[in-house]
Amino acid sequence: MTSALSVDDFGAFFSELYPDHTPFPWQSRLLAKVVDEDWPSTLAAPTGAGKTSVIDIHVFALAVAVAQGKRLPPRRLSMIVDRRALVDDQHAHARALATRLIAPRTPMLSTVAELLWRLRDRDGNACAGESPLLVARIRGGLPSSQRWVDYPNAPAVLCATPEMWGSRLLFRGYGSSPRSWARAAGLLAIDSVAVIDEAHLSRQLLHTARRVSELAAVAEQTWEGPRPLRVVETTATPDSTSGHRVEVDKTDIEKSPVLKDKLTRPKPVQLVTVPGWPRKPAETATTIVNQTVGLLGDATVGVFVNTVTMAVAVAERLRKHKADGRELTVVLICGQLRTIDLERLEIDFPGIFSPDGCPDVDVIVSTQSLEVGADLDFSAIVTELATGSATAQRAGRVNRRGRRDSGPVMVIGPETPPDAKTQSGPYAGEDLLNAWNWLTARALTTEGLAPWALREANRPPAAASRRILLQRPELGQAWHWARSSDQLATDPSLDLWLSDDLDPDFGVGIAVRALPEDPADALDYLRAVGPRRHETFPVPIKTARTALSRLHKTHPEIAQRTVRVRGKDVEPLEWRREGGETRPVVRPGDFIVVDTDAPLFTASGNRKWPPVVTVDMEGHAADDVLEAPAELERELRAGEIVHRIELTGSPAHRPEHAELRDRLDALAELARDKRDSAGKVLVAEWLERNQDGSPMALPAAKLLRDYPRMTDVIIQRDANDVVIRVLVVDGRRAVDDEDMRQEWTANPEPVTLGAHQQDVARRAVALATALGLPAVLVSALREAALHHDDGKLDLRFQIRLGAKPGVPLAKSGANSTPQGVRRARDRSGLPPGWRHEQRSVVDAWDAIGSSRALTARLIGTTHGHGRMSFPHSATELVGGYADERTTEIASMLFDEGGWDDLIERTERRYGVWVCAYLEAVLRAADGCVSAEGH
């Protein structure tokens, strides 16, 4: 069956994924286009036409190409949309597909999984318990997955917001380590396709991405590897300027009754006026509540408003309203909700995020979060006036499946047309006026806002650009951005290249923890237990700055205990005086950890819903905010906390904590000074006896038994020396720290230098060959792999690794805690910031073959350093451990500008993004070999 797989089998594949459903004709046309030619530049499909299926099409297209021996479509698909909730929805869709491919139960899924494994694994072997499809979510307020960069050959789906994806493409990855920037840039620019959903929301990013696709392979040497970035814009309302496209046409409607009902059933519009809108929020909230109550029936009603403040006010008023003698069940959903809150929603209200909905939910109140792409099917909606395109998107959640005769849309707006001074949330004057006039006309029609009616002359008015001109990146900017390891005078601002709004509002994450009173203890605690995806509130940076500034003004003692986490950098939050006010120093991608006493949140009242959100007004303490312990994440990930036992109250000596305190003392006594296997087995036995229903106690015990040298037991105490926290950490792989991932990965036994470099060389050749790189580049990668750790022969580095005389090591077999690494570095006598890659270039120089410049570059950038310069001179680099020739080479490269010239020459010859891509391939080979303990 495998060899016969073709685009004609897509219907069977689709039906196995979604029983009783067949693909729409346009979806089959898109698949054929991707397999036989390439991704189109435009995908024109009305709201509700099933655009999320591009994830399924991407996966199936790769499988068909492998089966038929055709040139592969891009391996990585990036789904990009300017709505966090939709990013999460697409991520859930991709994760569900990846999960189905782990242990497929149908013939077609088995075939597809087998073919995808041929791409991910060099031998085509499936890894038990893993999927051949990698899935990652990259958005503000959540730690981003780094796993996809380790497998450049694997099929992948990345779900991202525009700024988070775009910053990675431009070598600046918001919220990630600088050492990872080049890897992500190379892999996003080569062998990737970016689908920018509702591209009218991200016009500058679309412009930038298409320019990068042009520049990626601009170089003296013609690029013969995988194709550069492909960019697809999706839109519900294409215009005549759209490029080559696949679109939903009249034939699709005629051939598919299901699609016809979804797109053509009426959505009548009624305009409801509020005197003084939007300057009178109380009156607006009352009107929204009254209109919503009038629409209640046997299905959920949706309410869309323009600000979080209005959403909170409407939800609170609706909760107090009674229908038929009962309180309404009202759920608030906005971009600030934590993953754990969404998970709890799905548990308490099964089906709430599905088209079928949850019959127990009367009303869902949302901001812009759900207006794009969310697969909800409201019986009716009430919405504040927004731009024409935003209103059309909101209407797309009404009668989404076309199973009702119609779906009413109530629009709340002013008594008189908006003027230039009108502002409601992110929407302003002219856009609101154009939308009001358009809606006035649509209210006179039977179809109203039915998607099929909003074409050609009836298209919703596009929002006016907030920019006079869109910026086009040039190679000069790319070369500057690519200096990712240099300390530049000013960090490049990417707003011009990524944002439609020159005053963008990027996100940060806020996590709530019961922090130790001692600031040093709090830092140690967070270094061990950093913010996790499921517990962080994704908050706009403006909101975070305002709320934190108010916190500093009203509760300075709490503000001073607030911690900032940036990658592995955990420090007290810095404060700065600006304009007579103390403001926090935060940047996009940061995580802010506040104590449970911090009044930053809305009140949740005596019911669970709506859940709390961060506010930029006077807030409430987080005493009722679930602290989201590690046990709530069932997925075991190497390098993370797998079990946590702690006292969450303060002070720890309260009587009600006596029993738990005794248990912690007993566990701490077992772990005290027992770093050997025997001591950890005792801890494992204790966990097995004292599970108390924790789902992670047994996995933690198993790690302690099976990998005692790679599993840490961390004991934390308060200022009174009372044990308050015991952590079990899976140390098999430090997944986030780019410096430690490849050098200090914990191994049961030491790894010799020669064996490691040979293993990496074999893996690099296999990986480069599988990726279809030309022979000259395969050879360069092999040579670079064979010499990438030559610098570790430096005697000082071997002392740092604890090597025995005559047996040079690549990696220590010792436990690789950050504290242990620092102690070993201090013993070695190496100067601060010394990099073995810099020394490797010198030691390998005479042994490198014909592609010396490229091979040397790959050696020097193995861990993300040296991407233009290194900090040490020749004398500092070699110390007293070099002969005359070695000193000569070091001086030429690092005293006389040879290395800087080499970096520039390779970027001219191969291209900025191609160099980054080749670096990513070598680093992936090194990282995977290290992760396997070799």
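So our numbering is basically just the index in the sequence shown, starting at one, shifted up by 546. Note that beta-carbon positions come from the ideal geometry of N, C-alpha and C, so glycine has one too. Because the structure is a prediction, the values reported are computed rather than measured.
When the options are compared against residue i, the one with the closest alpha-carbon
i	options	result
H1026	V1387, E1450, R1455, L623	E1450
E873	G881, A1390, R863	R863
V778	V741, L805, W769	V741
I1261	T1148, D1340, V1075, H1098	V1075
P708	P1084, A755, A859	A755
D1032	M1414, T1452, V605	M1414
N983	L1016, R1018, L931, P997	L931
E976	S1374, Q1106, A1105, T933	T933
P812	T937, S952, T846	S952
A1316	L632, F560, R666	R666
A558	V627, A595, S656	S656
D894	G881, L883, A1477, V877	V877
P1377	L1423, S599, G1352, I603	L1423
R1018	D555, S912, G1425, L1044	L1044
T838	A861, R825, P821	A861
A1312	G1337, D1389, V1467	V1467
R1112	W998, T652, T968, G719	G719
T1128	T1142, R1091, E1117	R1091
A644	P619, V627, Y1253, E676	E676
D870	T1421, D908, G881	D908
V695	A974, L1273, S738	S738
D1115	L1072, S1419, V911	L1072
R1251	K1226, D1267, R1235, G615	K1226
Where the alpha helix (DSSP H) through residue i begins and ends
i	result
F1343	1341-1347
V839	827-841
S1386	1382-1390
T1315	1299-1316
G1473	1458-1477
D1115	Per DSSP, D1115 belongs to no alpha helix (DSSP H); it is in the beta strand (DSSP E), 1115-1118.
P724	724-735
S1325	1321-1333
P1245	1243-1252
F850	Run containing F850: none in the alpha helix (DSSP H); it sits in the beta strand (DSSP E), 847-850.
Bounding residues of the beta strand (DSSP E) (the contiguous stretch that carries residue i)
i	result
E930	926-930
T1128	1127-1130
C705	702-706
R666	Where R666 is concerned, there is no enclosing beta strand (DSSP E), although the alpha helix (DSSP H) it sits in stretches over 653-666.
T588	588-590
A682	680-684
Residues that residue i bridges to, as DSSP identifies them
i	result
A740	S624, V777
Q969	A974
G994	K813
E1063	DSSP output for E1063 lists no bridge partner at all.
I1138	I1056, R1110
E1124	E1127
K1357	V1297
T1160	F1147
D1258	V1275
T853	Looking at the DSSP assignment, T853 forms no beta bridge with any residue, so it has no partner.
P1084	G1055
M956	Q816, V928
I910	G848, V877
V944	F924
Within-8 Å CB hit, residue i to chain D
i	result
E793	As a matter of chain content, chain D is missing from the structure shown, which is built from one protein chain.
Is the stretch 622-635 touching the stretch 697-704, taking contact as three or more C-beta pairs under 8 Å?
yes
My parser needs the beta strand (DSSP E) runs of 3 or more residues fully inside the stretch 751-831; what are they?
776-781, 791-793, 815-820
Note down, one range per segment and in chain order, each alpha helix (DSSP H) of at least 4 residues found wholly within the stretch 1395-1436.
1398-1406, 1420-1424
Could you tell me whether the stretch 761-774 touches the stretch 1059-1073, where touching means 3 or more Cβ pairs closer than 8 Å?
no
Would you call the stretch 1399-1418 and the stretch 1340-1347 in contact, with 3 or more CB pairs under 8 Å?
no
Flag this pair as touching only if the stretch 726-733 and the stretch 1406-1413 have three or more C-beta atom pairs under 8 Å; answer yes or no.
yes
Are at least three pairs of beta-carbons, each pair with one atom in the stretch 932-952 and one in the stretch 882-899, less than 8 Å apart?
no
Three Cβ pairs or more, each shorter than 8 Å: is that satisfied between the stretch 709-716 and the stretch 1095-1109?
no
Okay, do the stretch 1296-1313 and the stretch 601-616 touch, 3+ Cβ pairs below 8 Å being the bar?
no
Take every Cβ of the stretch 791-800, pair it with every Cβ of the stretch 571-587, and state whether three or more of those distances are shorter than 8 Å.
yes
Given 8 Å, three or more beta-carbon pairs between the stretch 921-931 and the stretch 829-848
yes
Which whole runs of the alpha helix (DSSP H) in the stretch 558-599 are 4 residues long or more, in chain order?
571-582
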